[in-house]
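Below is one structure; the comments refer to it alone.
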Amino acid sequence: MKELKHVNKYFLKYKWHLIVGLFITIAARVFAILTPRFIGESTNAIEKYVNGEIVSEAAVRSELMTNILLILGATLIAAFFTFLMRQTFIVVSRHIEYDLKNEIFRKYEDLSLNFYKQNRTGDLMNRISEDVSKVRMYLGPAIMYSVQTGVLFIVVIPYMFSQAPELTMYTIAPLPILSFAIYKLSVAINKRSTIVQQYLSKLNTFTQESFSGISVIKSYGLEPQMNTSFTELSNDNKAKNIDLVKVQAFFFPLMVLLIGASNILVIFVGGRKFIMGEIDNLGIIVEFLLYVNMLTWPVATVGWVTSIVQQAEASQKRINEFLKEVPSIQNPSLEPENVEGSITFKNVSFTYEDTNITALKNVSFEVESGETLAIIGKTGSGKSTILELIGRLYDVDEGVIAIDGKDIRKMNLNELRDGIGYVPQDAFLFSDSIKNNIRFGKAEASDKEIMEAAKVAAVHKNIVGFSKGYDTILGERGITLSGGQKQRVSIARAIIHDPKVLLFDDSLSAVDTETEEEILNNLFKISKDKTTIIVSHRISSVKNADKIIILEGGEIVQRGTHQELLGQDGYYKELYLKQLSEKEM
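Residue 454 in our numbering is what sits at position 454 of the sequence shown, and the numbering runs on without skipping anything.
Right under this line is the structure:
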């Protein structure tokens, strides 16, 4: 139960609902146990009439009718309170499930990029869905049945002892055996359930990755291989589920067997005692039969509840692994920050933790507010890393990155990122309308603002050409659009955000040169008071920048303006001549 201590705070949050549920459960069980008593009294009345102790048929009928009405009334009231009991406990469990999922989701949002590089999406999805569902079973049904069982035993067993102590001992004798047998069965079920959960995570991960990479699978004609892999994984998953079902199949037969054993004991022992005169009337035997059947399911649930608790413990442990994870990027300040946009890198070095690749080595440069800096270099030279460090997606190993003269590690993280518009190299769009994808940069943006941003990004004409225009729903990761259209929608999203710092990570690589020229001209117009950093492989994208730096192996090997760099031998001049000759061809 150590891992489940985490959810105790939710019990405190909903304590009054649970207390009310406890009293409702007591009321439901009290009225439920009246039914066997009235049935027993009716049996006694019939027995007395048969034995001649009651001569009047009308008196018997009157007593039977009274008991029938009392049985009906007690049953209806017990049913009503049982309904309220389920509504109370199950609804509370749903509220806690909602709270727990939100807590996990917020934690997922807080965790740093390194965390997501080390964990698979399918597994994360399984923990916030399947694992939380297992915990909910503990929070709702397990608690409800435990309370119900406890109340029933407290009320029923003393009454049974008051009527026939020895018969009570025989009656309840099989019940501990039933509970222990179901507990052992539940342990076996739990072990197999854990394995099933693990295979479900594998299946979810495989499916999610397959759907996300469906274009690659189709392009390479990998459908047969993927189908084979999925079939093998599905067969393994099926085999584990069958192992689980085989054990679960013993559950109800075992319960029925021991219920039958208890009933036989009541009839045999009770019948002998009635014959020997140790029990005064037949109604007690009838009552005990009903009480046995009433107690059997709660006793059986002891083992079942134990299994639920074990599964919930295992699931909560998986959840706690993430909830206890400390994000490597912390927000050190809640003070409001006014980002103006001047950026300074001073002797910055950075190595990726997961790959141990050193991306930057002693990098230093300055960009004044309102200036445009361009970064060029070969693949893997550290260009994208600079942009990620500015947004503090990672923290530097050595050196300092300052915005407006302040170390970004000491700035309010939310305010820092709010002041930045970032267009990543791999444009990510949500499965929503184009309008909402652009509005993601500014939640309260009007339709007019969205269109203006799209015009600046030179994507407006493409959008209005769609049958539903800006209301066109995109597929997963924006698969409906071409690569260039996705990049331009992402640019529009950054523009509408109206930040002080604009970061473009090779975000024009998928557009033609004419469209690139149009977008750049528009960007230079709107970014006069903004700090802009452009990462690109094209000279045409960076030639008008105020400053240009050339990266190689994580180090700055050249810096200057377009004209200054053309006057130097090096990578920039070579790239310019190469792209110029390709253009002429």
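Cβ atoms here follow ideal geometry from the backbone N, Cα and C, with glycine treated the same way.
Remember, predicted model here, so these are calculated numbers, not experimental data.
Please name the residue in Ser-540, Gln-563 and Asn-331 whose C-alpha comes closest to that of Leu-580. Numbered from its first residue, the sequence shown carries residue 580 at position 580. When only C-alpha atoms are compared, the closest one is Ser-540.
I need the DSSP call for Leu-474, collapsed to helix, strand or coil. The sequence position of residue 474 within the sequence shown is 474, counting from 1. Correct three-state label for Leu-474: coil.
Just how far apart, CA to CA, sit Ser-507 and Val-535? For the purposes of this step, residue 507 is taken as residue 507 along the sequence shown, with counting starting at 1. For the purposes of this step, residue 535 is taken as residue 535 along the sequence shown, with counting starting at 1. If you take the alpha carbons of Ser-507 and Val-535, they lie about 8 Å apart.
If you count every other CB in all the chains shown that lies within 10 Å of the CB of Gln-197, and 16 or more means buried, which is it? Against the sequence shown, residue 197 aligns to sequence position 197. With 16 or more other Cβ atoms within 10 Å, it is buried.
Below-8 Å beta-carbon distance, Met-255 vs any chain B residue: No chain B appears in the structure shown, which is made up of a single protein chain.
As assigned by DSSP and simplified to three states, the class of Gly-570: Within the sequence shown, residue 570 is the residue found at index 570, counting from 1. Of the three classes helix, strand and coil, the one that applies to Gly-570 here is coil, per DSSP.
Taking just the CA atoms, how far does Leu-113 sit from Asp-131? What you label residue 131 is simply residue 131 of the sequence shown in a count that begins at 1. What you label residue 113 is simply residue 113 of the sequence shown in a count that begins at 1. Going from the Cα of Asp-131 to the Cα of Leu-113 covers about 23 Å.
Go ahead and pull the three-state DSSP assignment for Gln-558. Translated into the one-based positions of the sequence shown, residue 558 becomes position 558. If DSSP states are grouped into helix, strand and coil, Gln-558 belongs with the strands.
Starting from Leu-502, follow its DSSP beta bridges and name the residues at the other end. Translated into the one-based positions of the sequence shown, residue 502 becomes position 502. DSSP lists Gly-421 and Thr-532 as partners of Leu-502.
Which parts of the region 184-269 are runs of the alpha helix (DSSP H), unbroken and 4 residues or longer, counting only runs that do not cross its ends? 214-219 and 223-248
Since Val-269 contacts Tyr-145 with CB under 8 Å, what's their CB separation in whole angstroms? Counted from its first residue, the sequence shown places residue 269 at position 269. Counted from its first residue, the sequence shown places residue 145 at position 145. Not really, about 29 Å apart at Cβ, beyond 8 Å.
In three-state terms, what does DSSP make of Glu-449? Mapped onto the sequence shown, residue 449 falls at position 449. In this structure, DSSP gives Glu-449 a helical state, which the three-state scheme calls helix.
List the DSSP bridge partners of Ser-349. Taking the sequence shown and counting its residues from 1, the one referred to as residue 349 is at position 349. BP columns for Ser-349 point to Glu-398.
So, under 8 Å CB-CB, Thr-171 and Ser-262 are touching, yes? Tell me the CB distance rounded to an integer number of Å. Taking the first residue of the sequence shown as 1, we reach residue 171 at position 171. Taking the first residue of the sequence shown as 1, we reach residue 262 at position 262. Yes, Thr-171 and Ser-262 are in contact; Cβ-Cβ is about 6 Å, under 8 Å.
Pull the bridge partners of Asp-407 from the DSSP assignment, please. The sequence position of residue 407 within the sequence shown is 407, counting from 1. DSSP output for Asp-407 lists Ala-402 as bridge partner(s).
From the DSSP output, read off the bridge partner residues of Leu-520. Taking the first residue of the sequence shown as position 1, residue 520 is located at position 520. Leu-520 is not bridged to any residue.
Rounded to a whole number of angstroms, what is the C-alpha to C-alpha distance between Tyr-470 and Asn-462? In the sequence shown, residue 470 corresponds to position 470, counting from 1. In the sequence shown, residue 462 corresponds to position 462, counting from 1. Straight-line Cα distance between these residues: approximately 10 Å.
Write down the C-beta distance between Thr-43 and Leu-282 rounded to the nearest angstrom, noting that I regard them as a contact closer than 8 Å. Locating residue 43 in the sequence shown gives position 43, counting from the first residue. Locating residue 282 in the sequence shown gives position 282, counting from the first residue. Contact holds; Cβ gap of about 6 Å.
Using the rule of at least 16 other Cβ atoms within 10 Å of the residue's Cβ for burial, across every protein chain shown, is Thr-296 buried or exposed? Within the sequence shown, the letter at position 296 stands for residue 296. It is buried - the Cβ of Thr-296 has at least 16 other Cβ atoms within 10 Å.
Is Asn-119 helix, strand or coil by DSSP? Stepping through the sequence shown from its first residue, residue 119 is reached at position 119. Reduced to three states, the DSSP call for Asn-119 is coil.
Note down, in chain order, each residue of its chain lying with its Cβ closer than 6 Å to the Cβ of Glu-423, except the 5 sequence neighbours on either side. The residue given as residue 423 occupies position 423 in the sequence shown. Looking at the sequence itself, residue 423 is Val, so the reference to Glu does not match. Within the same chain, Val-423 has close Cβ partners Ser-490, Ile-491, Ala-494, Phe-504 and Ser-507.
Grab the span of the alpha helix (DSSP H) containing Val-91 for me, first residue to last. As a first step, residue 91 must be located in the sequence shown, where it is residue number 91. For Val-91, the enclosing alpha helix (DSSP H) starts and ends at 57-110.
How about Ile-329: is its Cβ closer than 7 Å to a heavy atom in the ligand MG? Looking at this structure, you won't find the ligand MG or any other ligand, since it has none at all.
The alpha helix (DSSP H) that contains Val-132, what's its start and end? As a position in the sequence shown, residue 132 is number 132, starting the count at 1. First-last of the alpha helix (DSSP H) with Val-132: 132-137.
DSSP beta-bridge partners for Gly-377? By one-based count along the sequence shown, residue 377 stands at place 377. For Gly-377, which the question treats as bridged, DSSP gives the partners Leu-551.
Distance, Cα to Cα, Ile-182 vs Ser-62? Translated into the one-based positions of the sequence shown, residue 182 becomes position 182. Translated into the one-based positions of the sequence shown, residue 62 becomes position 62. Computed Cα separation, rounded: 45 Å.
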